[in-house]
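*Asks:* Pasting a structure here, questions to come.
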Amino acid sequence: MIDRRTLLSATVAGAGLCAVAPGLALARLPGERRLVVVILRGGLDGLAAVPPYGDHHYERTRGDLALERPGPAGGVIDLDGFFALHPALEGLHPLFTAGELALLHATAAPYRARSHFDAQDVLENGTGRPRGARDGWLARAIVALDPAAARAPLGLAVGPAVPLVLRGEAAVASWAPQELPRAEDALLAQVSALWEGDPQLGPALAEGLRMRAMSDEVIGAKDNKKAGRPGPRAFAASARVAGKMLTADDGPRIAALEIGGWDSHANQGRDSGQLARNLDALAGGLLALKETLGPAWRSTAVLAVTEFGRTVRPNGTKGTDHGVAGAAFALGGAVVGGRVLADWPGLGDRDLHEGRDLAPTTDLRTLFKAALIQHLGLSPRVVEAEVFPESAALRPLPGLFQG
Amino acid sequence: MATTEAFIATARFGLGARPGELAAIASDPQGLLKAQIEASIAPPAELQGLPSAASQVTRFLETRGQEREIRRMLKGDGRDLYLREAGSRTRAMVASERPFLERLVAFWSNHFTVSAARPQVLSLVGAFEREAIRPHALGSFAALLRAAVQHPAMLFYLDNLRSIGPNSRAGRWSKRGLNENLAREVLELHTLGVEGGYDQEDVIALAKILTGWSIARPGKEPRPGHFHFHARAHEPGAKTLLGRRYREDGVREGELALDALARHPATARHLALKLARHFIADRPPESAVRHLAGVYNETEGDLAALAGALIDMPETWREPLAKLKTPQDLVVSSLRATAIEPEDKILVGTLKSLGQAPWTAPSPAGWPDEADAWSAPDALVERVEFAAALGQRLGVHKDPRRMLAETIAPVAMPRTAKAIGRAPSAGDGLTLLLASPEFQRR
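Just so you know, the sequences run in chain order A and B.
Position 44 of the first sequence, counting from 1, maps to 44 under this note's numbering, and the rest follow consecutively.
Just so we're on the same page, this note's numbering is the position in the second sequence counted from 1, plus 1000.
Below, the structure written as structure tokens:
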């Protein structure tokens, strides 16, 4: 029988200690590294996306939502004899085999109540409490990477609004579909002048106009229409836009994308249905991102995270309610993948958080900190002082990125 | 002579000035605003003749099981009706002579969001606002809360139709059970607020209390398509919510629980903060929040008294231009200023491209009410493009200087007035006016 503690150490064994030289606070994205954060809004059911079919309580507790075990005629896609991928995520399996996809399980943001809005706030503000900061951790990381704002904006938001994780002092490029007829540049410059005195919106408008000019050069008109809406179906188009912008010379290098529709309270379905369609769209979008990044994929890390997991047992309406821990994805050429990282708490009745939810054993900030330190080269000191305050006790997941 | 107070009355309380409105309200801004919320609420002419939610729900229930028919309703008829509802409501806002009242209706409608993002709700969102929100916008919050929670659109939207007491008669025969969604959002969003001092046990208790809150089925219960309490699905036994015990009492349990939530001091504070944020500033002064919460408590949640308090308090008349208009209020105020009436499809399409198609908020929390959420660089460019599209289309018919006098003149910075006056064409002048900070903010 596998002890759940050794499961974690077995999966990361050999990765070794990842020593990071101090004093790299001013590092300018070594080797043109890219970081993409995908926020799955609504609460992804981690037990459906990455089913722990080897847990002997799995089939009993999941009831009607339990997926078929791996088999010749379908079922889940085995990863390591204990965890598997949902069949709709099949497209990601080659990445896992190639060592470019790592899964995290029993992971959660540091938040235990069950409000979407507070949980997303905690996930994005990085302080460990709701409304702990008015800016986002990725925005603070960008300031730390480029404190003098010496280059064009590093950050990119794809969608109609800038998500909290990217809001802050750093200028951020944003992209959403253009649907209205376009105005002439001279007139736009005049409008821009009227806004110069507005400290909040003046710089944002100027940046928007700059991006408008730039996007004409790098993006064809075709992608413009579909991209930028938050639903699952538009995700691939948004991912393609992000991929193209991230490869432009002097373009952004750090992007945040959003994909909604995960709040599966009713009829979430098993291997087909609402949730399976969303997972399929997620996998398709991630693969589209890989494709448009081209050779830059090698130096890219993508983190796909959600605000909370869902209840272990199905609710009364063939869905799941708001829970605590769930699954997260780290993928890209810069990831040391091919493994599932989990300090697995178990699905037995007494293992569950408050008797209903998967217990959280890995703080998502250990993933974020690993990406900032190992992948983007920020020093642990700067990350703990400026990006994730009061997180010194949380050790970054060791050896998760190529560095 | 138009004054800053007149501008605030039209922009901060209203939906932007129509031609002549600024001059008219200047004589007595406070008094004339109060007049807008004093008379009884007759629905605007634009909203007459639209179908009731009950008729839509009845059709839906009658065709249940007939896949093709349902798909036709959702995709075709449902969308047509949504467009008609959204267009009618926007035109009512554009034409309104009681814009403060329209703002209040929109505020409470957003507070009790039901979103057309869910297909079953698409054809009900307009009726929800007309039937559950508008009649109570100047009544008591308790009545508004009950009307909103009992409306079919809300029962669909937050899954309560499917929630069944596990020990109820229906529950013992069915594999279905409790769904917490409505109960959680009532506590978190509609009443106490997320920091209002409730816990998971309270969510479950309220979910049990609300089991059986459902809709009358055609041919089975009277008044099909309306709220109906299904005793068979109601969880038996006493429940404890926020430390208070509710003995088994059918539909009355939920009514008492909602009334208690409406009276709760955390609800007063939560609503006061939202109102102050909406009408004063993204981060409103604490004095304003405390005052509004006090009025709420003293009047037992009288929404007309709250609206009156907004007019009487000094904070609302200070800090001019602190708020960024939402896309909806921007479009409505632009159309009021230019006095044109696009057709429904164009109206809704424009709102959609600016990120705020009517009644499509991304979550039950409704549309955000802070500038941060609406000021992504690209969203600001879209606003300018909208101003340009309208300006270029109307240019030949309007004089930008006259429109300046009729809208933002009392607060216009010299730079803005000069740029509008010197614009190379009337179309450019109108664009500059509609895209100026003074017009985009309030």
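Idealized CB from N, CA, C, for every residue including glycine.
Can you tell me whether A/W175 is helix, strand or coil according to DSSP?
*Replies:* The sequence position of residue 175 of chain A within the first sequence is 175, counting from 1. Strand at A/W175.
*Asks:* Tell me whether A/G228 sits in a helix, a strand or coil according to DSSP, three-state version.
*Replies:* Locating residue 228 of chain A in the first sequence gives position 228, where the first residue counts as 1. Bear in mind that a pLDDT of 47 at A/G228, under 50, signals an unreliable position, so the model cannot answer this.
*Asks:* Nearest by alpha-carbon distance to A/A301: which of A/F401, A/V76, A/R140, A/V165 is it?
*Replies:* As a working mapping, residue 301 of chain A is identified with position 301 in the first sequence. Residue A/F401 is the option with its Cα nearest to A/A301.
*Asks:* Across the region 1275-1282 of chain B and the region 1195-1205 of chain B, are there enough close Cβ pairs to call them in contact, namely three or more that are closer than 8 Å?
*Replies:* The region 1275-1282 of chain B, when compared against the region 1195-1205 of chain B, does not touch it at the 8 Å Cβ threshold.
*Asks:* Do B/V1348 and B/L1050 have their C-beta atoms within less than 7 Å of each other?
*Replies:* Locating residue 1348 of chain B in the second sequence gives position 348, counting from the first residue. Locating residue 1050 of chain B in the second sequence gives position 50, counting from the first residue. In this structure, B/L1050 does not lie closer than 7 Å to B/V1348 by Cβ.
*Asks:* Please classify A/H322: does DSSP put it in a helix, a strand, or coil?
*Replies:* What you label residue 322 of chain A is simply residue 322 of the first sequence in a count that begins at 1. In this structure, A/H322 counts as strand in the three-state DSSP scheme.
*Asks:* Find the residues of chain A that neighbour B/Q1200, judging by a C-beta separation of less than 9 Å, and give them in chain order.
*Replies:* Reading the second sequence from its first residue, position 200 is the one you call residue 1200 of chain B. Here the neighbours are A113, R114, E354, R356.
*Asks:* Taking 7 Å as the threshold (C-beta atoms), are A/T311 and A/D280 in contact?
*Replies:* One-based indexing of the first sequence puts residue 280 of chain A at position 280. One-based indexing of the first sequence puts residue 311 of chain A at position 311. No, the pair does not count as a contact, with Cβ atoms beyond the cut-off.
*Asks:* Thinking C-alpha only, which one of B/N1160, B/A1423, B/G1301 is nearest A/Q190?
*Replies:* Along the first sequence, read from residue 1 onward, the residue named residue 190 of chain A stands at position 190. Comparing Cα positions, the closest option is B/A1423.
*Asks:* Could you tell me which of B/G1212, B/E1255, B/R1098, B/S1123 sits nearest to B/S1163, measuring between CA atoms?
*Replies:* The residue you call residue 1163 of chain B lines up with position 163 of the second sequence. Residue B/G1212 is the option with its Cα nearest to B/S1163.
*Asks:* Which whole-angstrom value describes the C-beta separation of A/P52 and A/V76, a residue pair presumed to lie in contact below a C-beta threshold of 8 Å?
*Replies:* In the first sequence, residue 52 of chain A corresponds to position 52, counting from 1. In the first sequence, residue 76 of chain A corresponds to position 76, counting from 1. Wrong, their Cβ atoms sit about 10 Å apart, outside the cutoff.
*Asks:* Tell me whether the region 377-394 of chain A and the region 1406-1418 of chain B touch, counting them as touching only if at least three CB pairs, one residue from each stretch, are closer than 8 Å.
*Replies:* Verdict: no, contact absent.
*Asks:* Mind pulling the chain A residues with CB within less than 7 Å of B/E1188?
*Replies:* If you number the second sequence from 1, residue 1188 of chain B lands on position 188. S115, listed in chain order.
*Asks:* So, does the CB of A/G316 fall closer than 7 Å to a CB anywhere in chain B?
*Replies:* Residue 316 of chain A sits at position 316 when you count from the first residue of the first sequence. With 7 Å as the cut-off, A/G316 counts as an interface residue toward chain B.
*Asks:* For A/H353, which of helix, strand or coil comes out of DSSP?
*Replies:* Stepping through the first sequence from its first residue, residue 353 of chain A is reached at position 353. A/H353: strand per DSSP, three-state reduction.
*Asks:* Skipping 5 residues on each side, what residues in its chain have a beta carbon closer than 8 Å to that of B/A1371?
*Replies:* Numbered from its first residue, the second sequence carries residue 1371 of chain B at position 371. Taken in chain order, the residues that qualify are D1282, K1323, L1324.
*Asks:* Output needed for A/D121: all residues of its chain with C-beta closer than 7 Å, excluding positions within five of it in sequence on either side, in chain order.
*Replies:* Sequence index remark: in the first sequence, residue 121 of chain A carries index 121 (1-based). The answer, listed in chain order, is P130, R131, L164.
*Asks:* At a CB distance below 8 Å, what residues from the region 1424-1436 of chain B approach chain A? Give them in sequence order.
*Replies:* Listed by position along the chain: D1428, T1431, L1432, A1435, S1436.
*Asks:* Decide if A/S174 is buried, meaning its Cβ has at least 16 other Cβ atoms within 10 Å, or exposed.
*Replies:* Translated into positions along the first sequence, residue 174 of chain A becomes position 174. Under this definition A/S174 is a buried residue.
*Asks:* Got a sec? Which residues, its chain only, sit under 6 Å from B/Q1392 by beta carbon, not counting five neighbours each side?
*Replies:* Looking up residue 1392 of chain B in the second sequence gives position 392. G1427.
*Asks:* Could you name the residues of the region 1124-1137 of chain B whose beta carbon sits closer than 9 Å to any beta carbon of chain A, in the order they occur along the chain?
*Replies:* For the region 1124-1137 of chain B, which is checked against every Cβ of chain A, not one residue is closer than 9 Å.
*Asks:* Counting C-beta neighbours from all protein chains within 10 Å, is the total for A/E207 16 or more, i.e. buried, or is it exposed?
*Replies:* Residue 207 of chain A sits at position 207 when you count from the first residue of the first sequence. By the neighbour-count rule (16 or more Cβ atoms within 10 Å), A/E207 is buried.
*Asks:* Between which two residues does the alpha helix (DSSP H) containing A/T366 stretch?
*Replies:* The residue labelled residue 366 of chain A in the question sits at position 366 within the first sequence. Unbroken alpha helix (DSSP H) run through A/T366: 364-370.
*Asks:* On the premise that A/L187 lies in contact with A/F235, defined as a C-beta separation below 8 Å, what is that separation, rounded to the nearest angstrom?
*Replies:* Here residue 235 of chain A is taken as the residue at index 235 of the first sequence, counted from 1. Here residue 187 of chain A is taken as the residue at index 187 of the first sequence, counted from 1. At roughly 34 Å, the Cβ-Cβ gap does not stay under 8 Å, so A/F235 and A/L187 are not in contact.
*Asks:* Using three-state DSSP, classify B/K1208 as helix, strand or coil.
*Replies:* By 1-based counting over the second sequence, the position of residue 1208 of chain B is 208. In the structure shown, B/K1208 sits in a helix (DSSP, three-state: H, G or I).
*Asks:* Quick one: measure Cβ to Cβ for A/A170 and A/P153, integer angstroms, because I've assumed they're closer than 8 Å.
*Replies:* Position 170 of the first sequence, counting from 1, holds the residue named residue 170 of chain A. Position 153 of the first sequence, counting from 1, holds the residue named residue 153 of chain A. Yes, they are in contact, since the Cβ atoms of A/A170 and A/P153 sit about 7 Å apart, within 8 Å.
*Asks:* What are the residues of the region 1146-1169 of chain B that lie near chain A, defined by any Cβ-Cβ distance shorter than 8 Å?
*Replies:* So the close ones are D1159, R1162, S1163, I1164, P1166.
*Asks:* Thinking B/L1182 and B/L1158 are a contact (beta carbons under 8 Å), I'd like their distance in whole angstroms, please.
*Replies:* As a working mapping, residue 1182 of chain B is identified with position 182 in the second sequence. As a working mapping, residue 1158 of chain B is identified with position 158 in the second sequence. Indeed they touch by this definition, with Cβ atoms about 4 Å apart.
*Asks:* Determine whether the beta carbon atoms of B/I1037 and B/A1307 lie at a separation below 7 Å.
*Replies:* Counting from one through the second sequence, the residue named residue 1037 of chain B turns up at place 37. Counting from one through the second sequence, the residue named residue 1307 of chain B turns up at place 307. Contact flag set, yes.
*Asks:* What runs of the beta strand (DSSP E), each 3 residues or longer, lie entirely inside the region 1095-1131 of chain B?
*Replies:* Those beta strand (DSSP E) runs which fall completely within the region 1095-1131 of chain B and span 3+ residues do not exist here.
*Asks:* Would a C-beta distance cut-off of 7 Å place B/A1092 and B/P1044 closer than the cut-off?
*Replies:* Here residue 1092 of chain B refers to the residue found at position 92 of the second sequence. Here residue 1044 of chain B refers to the residue found at position 44 of the second sequence. Going by C-beta atoms, B/A1092 is nearer than 7 Å to B/P1044.
*Asks:* Can you tell me whether B/A1238 is helix, strand or coil according to DSSP?
*Replies:* As a working mapping, residue 1238 of chain B is identified with position 238 in the second sequence. The answer is coil: DSSP assigns B/A1238 none of H, G, I, E or B.
*Asks:* So B/S1088 and B/L1033 are in contact, right, with Cβ under 8 Å, and what is the actual spacing, rounded?
*Replies:* Residue numbering aside, residue 1088 of chain B sits at position 88 when the second sequence is read from its first letter. Residue numbering aside, residue 1033 of chain B sits at position 33 when the second sequence is read from its first letter. No, B/S1088 and B/L1033 are not in contact; Cβ-Cβ is about 25 Å, not under 8 Å.
*Asks:* Helix, strand or coil: how does DSSP classify A/A193 here?
*Replies:* Taking the first sequence and counting its residues from 1, one reaches residue 193 of chain A at position 193. A/A193: helix per DSSP, three-state reduction.
*Asks:* Report the three-state DSSP secondary structure of A/V383 (helix, strand or coil).
*Replies:* As a first step, residue 383 of chain A is located in the first sequence; it is residue number 383 there, counting from the start. If DSSP states are grouped into helix, strand and coil, A/V383 belongs with the helices.
*Asks:* For A/S379, is the classification buried or exposed, using 16 other Cβ atoms within 10 angstroms of its Cβ as the cut-off for buried?
*Replies:* Your numbering for residue 379 of chain A matches position 379 in the first sequence. Flag for A/S379 reads buried.
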